[in-house]
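Peer 1: Questions regarding the structure given below will be posed in turn.
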Amino acid sequence: MKLSRAISYTALGVTVIYATAILLGAPLLSHFGANFVFSIVLAIVSIFPLLLVAENFDSLDNILFGKRQLSDKYLLARQLSLGGLFGAWFGAFVIPFDWDRWWQRWPIPCVLGAVVGGILGCLTSSYKILFSYLEKQRKLEKFV
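All residue numbers for the sequence shown refer to my numbering, where the first residue is 1 and numbers rise by one.
Now the structure itself:
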C-alpha cells in the first residue's frame, strides 16, 4: 500500500481503537488525552506495519490469517502487530490492583505493554528468520 494510504487507514484505526478502549472501560471524558495517546501508540505499533507491507486488503488477509509460509517482511509485520496487541492487553492486568503506584494509572501499563509486546514480536520474528536462514545454510552445506 502507498504510504499516504497506510497513514490514512492508520488514522482511521486510531478512532476504532479509541472507541474500543472506551467500550472496554477506559474513562470517556476525564482521560481524553490519555486515551488518544494510547490509541495513537497502539495504531502505530499494530496497524501501521501491516498496512505498510500489504499491497492490498487481500494480501493483508493472507498476512494475518494465511496458512502459507510468509516472507521475512510479512512475518516481521505480523509479529510486531500481534505482539503490540497482546502486550497492550496483558499490560491492562495491573490496572485494577490496589497498589496506588504511578505506573498503574491509565494508560501507562497498556502503552508500555504495547511497546514491549511489539519489541518482543520483533525479536521472535528476528529469531525465526535467523534460524530459518541458518537451517538453509546447513542444508546447502550438506550438498556441497
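Even for Gly, the Cβ is constructed at its ideal location relative to N, Cα and C.
For clarity, every value in this text was computed on a predicted model and none was experimentally measured.
Could you give the residue range of the alpha helix (DSSP H) that holds residue 135?
Peer 2: It spans 108-143 - the alpha helix (DSSP H) in which residue 135 sits, taken as one unbroken run.
Peer 1: Counting beta carbon pairs with one atom in the stretch 98-116 and one in the stretch 36-45, are three or more of them shorter than 8 Å?
Peer 2: Touching, yes, given that three or more Cβ pairs across the two stretches are closer than 8 Å.
Peer 1: In the structure shown, what three-state DSSP assignment does residue 61 receive?
Peer 2: It is helical.
Peer 1: Confirm, please, whether the CB-CB distance from residue 83 to residue 42 is below 9 Å.
Peer 2: No, Cβ-Cβ distance for residue 42 and residue 83 is not below 9 Å.
Peer 1: Are at least three pairs of beta-carbons, each pair with one atom in the stretch 124-138 and one in the stretch 44-62, less than 8 Å apart?
Peer 2: The stretch 124-138, when compared against the stretch 44-62, does not touch it at the 8 Å Cβ threshold.
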